[in-house]
Amino acid sequence: MTITDDFQNEIREKVSAALKDMGSEGIDFVVESSTMEGVDMAVPCFPLAKALRNAPQAIADDLASRIQPAGLIAKVASVNGFLNFNIDPEALIKSTLDEIIRCGPCYGSMPKSGIRYNVEHTSTNPTGPIHVGRARNPIIGDTLARCLKRCGHDVTTEYYVNDVGKQVVVLTWGVNNVSDEEAAKNSEEHMKEIGQNEKERDKTDHRLVAKYRVANKLMESDPAVQEEISDMMRRFEQGDKEVIDTVRHTAEIMLDGLRETLGQINVVLDRYTWESQYIADGSAKAIVEKLKASKYAGQTDDGAWYVDLKDFGVQGKNTKFTFTRSDGTTLYTTRDLAYHQDKFTRADRLIDVLGEDQKLGSKQLCSALEIMGFDKLPDALFYAFVSLPEGKMSTRKGVVVYLDDLIDEAVARAYEEIKKRREGMSEEKMMEIAKVVGVAAVRFNIIRVQPEKQFVFKWEDALNFDGNSGPYLQYVHARACTMLKKAGEFEHDTDASKFVEPSEINLIKILSKYEEVLRMAGDEKKVHMLPAYGHELASAFNQYYAAVSILNSNDKRNARLTLVECAKTVLADVLDCLGMGAPEEM
RNA sequence: GGGCUCGUGGCUUAGCCAGGAUAUAGCGCUGGCCUUCUAAGCCAGACGCCUCGGGUUCGAAUCCCGACGGGCCCGCCA
């Protein structure tokens, strides 16, 4: 419950009472935050016109005359058919600042809900390094998880590792049969193809993917290799423990590389769940039996089982959702059902962060769970694909930017900036800050765009450190920190009468909105609201900073420093929620 | 062929779900501001038939219908 909620409730009560006075009890109306400058909340009176048989302006005038400013309502006015309200600035200022001082980093966070959330994200196939197209997934997923925690939920993040299927088998064959020399040669060609002169980096995922590329080529050109891989596939399907373990082991090595990359951008997952587990423990088979027993189940002439989902809103020429092959073995989707069943034993609500290509699959999954009698279904957050200006990202066509390269480039760029402006700073310190700043630029650039919008990756934008960017927010944090350091000890002063500058009142109003933003970003899954808020906050701080001399302000010094500290506290939490560091200098 | 989704200044983008007053911000552009708390900054300015056409409404960027343009999907793949 924020002060804005209280304010809104007071307006609601007053307007209801006034309407009752006017003999129109119980009429519905809305209280909305106003876009007009100098107005906080408004009740549009146009919808009331019909019921009251009067002009909107007249109604607003009438209502305004019946409502006296009291409590949080400082001013009531009738303008153009709107009933406008202003919040008591003193109450807003005092309660906001006191609350931030009282809560510290937890300001804006909501009380424990007791709800267990499971956020599955990233889950890329362990067959190659993460490229910027895939990077949207961990960044959205990790940010959402951080927001949900602040909404009071218990959140677990999870990566579903696909260690079953042809791709990982091919990878495994490559790792065991392709020589280092062959891989190195392929690596060189590949780097030339994607237009880079450097050597492919010495990191497990990059090393292994070279062997995967070679294996794929050999499989196409050499029937003997094709046969070996098919044989492995057969043994895998039959449950040959040796093959299954080898494949899993390979996937684990690959995953080490991916985990390292994710760690670079501050994404750490709580749990890794292996797809092969659901074959081993028989739960995928149990799903098959359950679905077979349903009235929607059927079998093709070849013996493959499916459920028909035409009654579940699945459209198109093929409404059948197949869950076994004709030989009775399970499919990826069958295992995914077992996986979701498992997740529901560990969490109350599931969120899957998925590429938009998974939309139909996700719907089918939900329908199948419904058929099996699940009362709760997973929720999905879809994001549109990332492409490059030259077109769709594709490792095969050599149109690709690896996340590792993007991070390196951003950090190098940040290092240049620091070196330019901070003479005499130690090399070590500069590197440390560059890392934090570069990563922030990368994450911010991706999270700032609404997930459902298509995203064209541009180096120019990703390496932008100005304006609406991660480093911009960090810069403000650093500014606040150095100012507080220079100020030394001071007493908190939240006396509202000391805050009179428009820029400081604006800043405080923005601070007061943080909880609402977290609720939108978390519970409403609108993750992109958070970077927008961060920019708004940082921008307001910079305006304040430019307009008011803070350290030399006599009787207002403590009050202003208090505001700087409060802004710093909130901004630090915004940065943390975005998975970005909050440097004290830069 | 069918389904889903996006379309907002030169470029990127908020607002759309819960319709309201002058459509948000950034990049880029023009001009100004560092002997004063970090100029990764601040201030001022130019730039918009909110893709198009209908409809609903006192009122539409927002809701409905239709077109056009981009993306994604319609495997006994994962």
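Under the working numbering, the residues of the first sequence are numbered 6 to 591, in order. The C-beta atom is built at its ideal place from N, Cα and C for all residues, glycine as well.
Item	Value
Boundaries (first-last residue) of the beta strand (DSSP E) holding Arg121	121 to 125
When Cys571, Tyr477, Gly318, Tyr519 are compared against Arg155, the one with the closest alpha-carbon	Tyr519
For Gly429, the residue or residues it bridges with in DSSP	Answer by DSSP bridge pairing: none, since Gly429 is not bridged.
Where the beta strand (DSSP E) containing Pro130 begins and where it ends	What sits at residue 130 in the sequence shown is Asn, not Pro. Neither: Asn130 is in no beta strand (DSSP E) and is coded neither H nor E.
Beta bridge counterpart(s) of Tyr277 as assigned by DSSP	Tyr164
Backbone CA spacing between Phe326 and Glu242 [nearest angstrom]	21 Å
Inter-stretch contact at 8 Å, needing at least 3 Cβ pairs: the segment 135 to 150 / the segment 186 to 196	no
Helix, strand or coil at Ala389 [DSSP, three-state]	coil
Integer-rounded CB distance, given that His482 should sit under 8 Å from Leu386	Not a contact, Cβ separation roughly 28 Å.
Nonlocal neighbours in the same chain, by C-beta distance under 7 Å from Ile515, ignoring five residues either side	Glu541, Leu542, Ala545
Three-state secondary structure assigned by DSSP to Asp11	helix
Minimum C-alpha distance to Ser372 - residue among Leu149, Arg484, Ala215, His345	His345
N- and C-terminal bounds of the beta strand (DSSP E) containing Asn89	87 to 92
Contact between the segment 171 to 185 and the segment 352 to 365 (3+ Cβ pairs under 8 Å)	no
Alpha-carbon to alpha-carbon, Ala60 and Arg121	51 Å
Buried versus exposed, by CB contacts within 10 Å (16 or more), Cys582	buried
Candidates Arg71, Ser70, Gly76, Phe90: closest to Val35 by CA position	Phe90
Whole runs of the alpha helix (DSSP H) within the segment 455 to 498, excluding any shorter than 4 residues	464 to 467, 475 to 492
Which listed residue (Thr324, Ile510, Gly586, Leu213) has its alpha carbon closest to that of Ala96	Ile510
Whole-angstrom distance between Tyr549 and Ile64, CA atom to CA atom	39 Å
Span separating the alpha-carbon of Ile106 from that of Arg17	30 Å
Cβ shell of Gln183 (< 7 Å), same chain only, five flanking positions each side left out	Note that residue 183 corresponds to Val in the displayed sequence, not to Gln. Correct list, in chain order: Lys216, Val219, Ala220.
Among Gly113, Ile135, Gly133, Asp245, the one whose alpha carbon lies nearest that of Gly157	Gly113
First through last residue of the beta strand (DSSP E) which encompasses Asp185	Not the beta strand (DSSP E): Asp185 falls in the alpha helix (DSSP H), residues 185 to 198.
Coil, strand or helix - Leu355 by DSSP	strand
Identity of the residues DSSP links to Tyr311 by a beta bridge	Gly303, Thr327
Rounded separation between Lys381 and Asn323 - CA only	26 Å
For Val406, the first and last residue of its enclosing alpha helix (DSSP H)	Here Val406 belongs to no alpha helix (DSSP H), and DSSP marks it neither H nor E.
Residue span of the beta strand (DSSP E) that contains Ala82, given as start and end	78 to 84
Bounding residues of the alpha helix (DSSP H) (the contiguous stretch that carries Ala220)	209 to 226
Contact check, Val447 vs Gly138, beta carbons under 9 Å	no
Identity of the residue in Leu411, Lys402, Val442 nearest Glu421 by Cα	Val442
Beta-carbon proximity list for Gly303, same chain, < 8 Å, skipping 5 on both sides	Trp310, Tyr311, Val312, Asp313, Lys325
Close Cβ partners of Asn271 (< 8 Å) along its chain, the five nearest in sequence each way excluded	Asp147, Val444, Arg448, Gly584, Met585, Gly586
Alpha carbon of Glu232 to alpha carbon of Leu535, nearest angstrom	52 Å
C-alpha distance - Cys486 paired with Thr574, whole-angstrom precision	10 Å
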